[in-house]
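Contents: one structure, followed by commentary.
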Amino acid sequence: MRVALIQLAYDDAETLDARVERVVALVREQAGHDLVVLPELWGAGGFSYREWSSRAQDVTGSIGTALSAAARDAGVFLHGGSIVERPASGETGEEGHDLWNTSVVYDASGTLVATYRKIHRFGFAGGEPKLMDAGTELVRVDVPAGSSSLAVGLSTCYDIRFPEMYRALLDRGAEAFVVPAAWPMARVDAWRLLLRARAVEDQCFVLACNTAGTHAKTQMGGHSAVIAPGGEVLAEAGEEQQVLSIEIDPSAVRDVRESFPVLADRRL
Numbered sequence: 729m730r731v732a733l734i735q736l737a738y739d740d741a742e743t744l745d746a747r748v749e750r751v752v753a754l755v756r757e758q759a760g761h762d763l764v765v766l767p768e769l770w771g772a773g774g775f776s777y778r779e780w781s782s783r784a785q786d787v788t789g790s791i792g793t794a795l796s797a798a799a800r801d802a803g804v805f806l807h808g809g810s811i812v813e814r815p816a817s818g819e820t821g822e823e824g825h826d827l828w829n830t831s832v833v834y835d836a837s838g839t840l841v842a843t844y845r846k847i848h849r850f851g852f853a854g855g856e857p858k859l860m861d862a863g864t865e866l867v868r869v870d871v872p873a874g875s876s877s878l879a880v881g882l883s884t885c886y887d888i889r890f891p892e893m894y895r896a897l898l899d900r901g902a903e904a905f906v907v908p909a910a911w912p913m914a915r916v917d918a919w920r921l922l923l924r925a926r927a928v929e930d931q932c933f934v935l936a937c938n939t940a941g942t943h944a945k946t947q948m949g950g951h952s953a954v955i956a957p958g959g960e961v962l963a964e965a966g967e968e969q970q971v972l973s974i975e976i977d978p979s980a981v982r983d984v985r986e987s988f989p990v991l992a993d994r995r996l
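Counting with the working numbering, you get residues 729 to 996 for the letters of the sequence shown.
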């Protein structure tokens, strides 16, 4: 299974239209991969809180339409990172907000096959908690891989700090976790540690796509990575924009779980 993580760099000067055009071109260049992943909130800006409302869209808006076409043109399963979602229906969440941090996933025909609203919001009562509602549903999607498939649990950035979420995804059959992020350089050591921890404790692949560059006065951490079910770092990006391309073997999950059956000893 060939995977590409597009560690996108951006700043405050680039317009949304220009960024979308650049991103979909990068996606189309990944033809031949099975799965392509983009970072969290790459369109609205991960730390650009003041821009979120004006850049919010329904999942069928201009960003979603462009990502759908790019997935179809490249013939790839595309995790489009996340958008600031404002549903066209006028829906509001339990806390009264009408915005969510929502991941969008497309199959190789360009069909939207899954969405995930971020459950754990970052900001300690500011930022996401102040402006967005929390998601409430865990999401697993099966990604084709040749004659088989890989069961992928969806999560986003700050979610990685909450291991109970990944246990719950494991119990839903997850063999891999995809983690788009806008994780800052100031805490990149924690990012690298937590990715390996989630892989080791759940014996799953971790496919983590972070942001590069500097926006809203925040330097982003980069270091997108692919972690094996045994915790080995199979590939890791640096601090700049980079496409991390790697081939993984989904059967490695079964092999690790059979050779070291720690999950069978769970008690709680």
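We put the CB at the ideal spot given by N, CA and C, even for glycine.
Just reading off the alpha helix (DSSP H) that GLY746 is part of, what are its end residues?
-> Position 18 of the sequence shown, counted from the first residue, corresponds to residue 746. According to the sequence as given, residue 746 is Ala; it is not Gly. From DSSP, the alpha helix (DSSP H) with ALA746 extends over 744-756.
For PRO989, count neighbouring C-beta atoms within 10 Å of its own C-beta (all shown protein chains included) and say buried if the count is 16 or more, exposed if not.
-> Residue numbering aside, residue 989 sits at position 261 when the sequence shown is read from its first letter. Counting Cβ neighbours within 10 Å, PRO989 comes out exposed, since fewer than 16 surround it.
Contacting residues, own chain, Cβ-Cβ under 6 Å from TYR844 (five flanking each side not counted) | The residue labelled residue 844 in the question sits at position 116 within the sequence shown. Correct list, in chain order: SER831, VAL867, LEU882.
Which term fits LYS945, buried or exposed, when burial requires 16 or more other beta carbons within 10 angstroms of its beta carbon?
-> As a first step, residue 945 is located in the sequence shown; it is residue number 217 there, counting from the start. Exposed.
Taking only the alpha-carbon atoms, compute the straight-line gap between THR820 and SER987 and give it to the nearest angstrom.
-> Residue 820 sits at position 92 when you count from the first residue of the sequence shown. Residue 987 sits at position 259 when you count from the first residue of the sequence shown. Approximately 47 Å, taken between the alpha carbons.
Span of the beta strand (DSSP E), counted from its first residue to its last, around GLY881 = The residue labelled residue 881 in the question sits at position 153 within the sequence shown. It spans 876-882 - the beta strand (DSSP E) in which GLY881 sits, taken as one unbroken run.
So, do the region 951-971 and the region 917-936 have three or more beta carbon pairs nearer to each other than 8 Å?
-> Contact between the region 951-971 and the region 917-936 is present, with at least three C-beta pairs closer than 8 Å.
Check whether the region 730-748 touches the region 768-778, counting contact only when three or more Cβ pairs, one atom from each stretch, lie closer than 8 Å.
-> yes
Do you know how far the Cα of ALA879 is from the Cα of GLN931?
-> Mapped onto the sequence shown, residue 931 falls at position 203. Mapped onto the sequence shown, residue 879 falls at position 151. Computed Cα separation, rounded: 13 Å.
Look at the alpha carbon of TRP1048 and the alpha carbon of GLU865, and state the distance between them as a whole number of angstroms.
-> Because residue 1048 is not part of the residues shown, which for the chain are 729 to 996, the question remains open.
Thinking just about the alpha-carbon of each residue, which of ILE847, GLY855, GLN758 is nearest to the one in SER776?
-> Translated into positions along the sequence shown, residue 776 becomes position 48. Of ILE847, GLY855, GLN758, the residue nearest in Cα terms is GLY855.
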